[in-house]
Every structure is written in C-alpha cells, then in structure tokens.
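Residue numbers (full-length UniProt numbering): 1 to 108.
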C-alpha cells in the first residue's frame, strides 16, 4: 500500500521507501481493537522491529482474521499513541459510513 501515513521522524520523506507489507494477523497481538465495520477490523499494534524503530501501527484487515496492512505508522511515544487513537477511530468511522451508505441486497 503506497498510501500509508508514515512519519519521517525529522528526516526528509523517501518516495522510494518500501511499501508496508501485508502480514498475517496472527503475527501481531493487537494493543487496542478499535472495532469492526464494513467487513474490516481496525486495530493498533506495537512493532518494535520496524525499519523506523519502535512504532505504533494502525492496521486494517478483513474481519475474517486473514491479513492486516498498516495504514498509519506513528512513533511509539505517548503522543504517537494519542495520534494513533485519532487515526484508528477516524478509519473506523469512515468504514461505518461506507457500510451504512451501501444499498441493502434486498433493495437491489
């Protein structure tokens, strides 16, 4: 996913940086589960071994528990945790809005 919200931690952004890999959901234990909507789960994980160092990642993946992908990467600081909360809740609310705006199968 090339549209990951990624901090630069004071360095200039690198447009050639590697994309966030899709990983099995079982590889990480969620610190916080923001919720499920529109068939997706939104969660927060702590990745101590990331290229950027210790970071929080807001991840999204199918609710069936298959794979997740990072959509935002933030420093593992109290401020990063607060920002991750805002990002995770915004993504969840967006999915909820998408879910409620879809026509039901009965009306199609």
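Yeah, the Cβ is synthetic: ideal placement off N, Cα and C, and Gly gets one too.
Owing to the predicted nature of the structure, the values given are computational and were not obtained by experimental measurement.
Return the residue from the list the options that minimises the CA-CA distance to residue i.
{"i": "residue 71", "options": "77, 87, 79, 65", "result": "87"}
{"i": "residue 43", "options": "103, 96, 92", "result": "92"}
{"i": "residue 90", "options": "27, 59, 76", "result": "59"}
{"i": "residue 75", "options": "51, 100, 101, 97", "result": "51"}
Between residue i and residue j, which are expected to be in contact by the criterion C-beta below 8 Å, what is the C-beta distance as a whole number of angstroms?
{"i": "residue 46", "j": "residue 31", "result": "6 Å"}
Between residue i and the rest of its own chain, which residues show a CB-CB distance below 6 Å, the 5 nearest in sequence each way excluded?
{"i": "residue 29", "result": "none"}
{"i": "residue 36", "result": "63"}
{"i": "residue 95", "result": "37, 38, 40"}
{"i": "residue 22", "result": "67, 69"}
{"i": "residue 98", "result": "38"}
{"i": "residue 79", "result": "none"}
Strictly by DSSP, which residues pair up with residue i?
{"i": "residue 78", "result": "Paired residue(s): none; residue 78 is not in a bridge."}
{"i": "residue 32", "result": "44"}
{"i": "residue 37", "result": "40"}
Less than 7 Å between C-beta atoms, sequence neighbours within five positions excluded: which residues of the same chain meet that for residue i?
{"i": "residue 61", "result": "25, 40, 41, 67, 68, 69"}
{"i": "residue 81", "result": "56"}
{"i": "residue 83", "result": "74"}
{"i": "residue 109", "result": "The question about residue 109 has no answer, for the chain in this structure spans 1 to 108."}
**OP:** Counting only runs of 3+ residues fully inside the stretch 49-101, write out the beta strand (DSSP E) ranges in chain order.
**Re:** 53-62, 67-75
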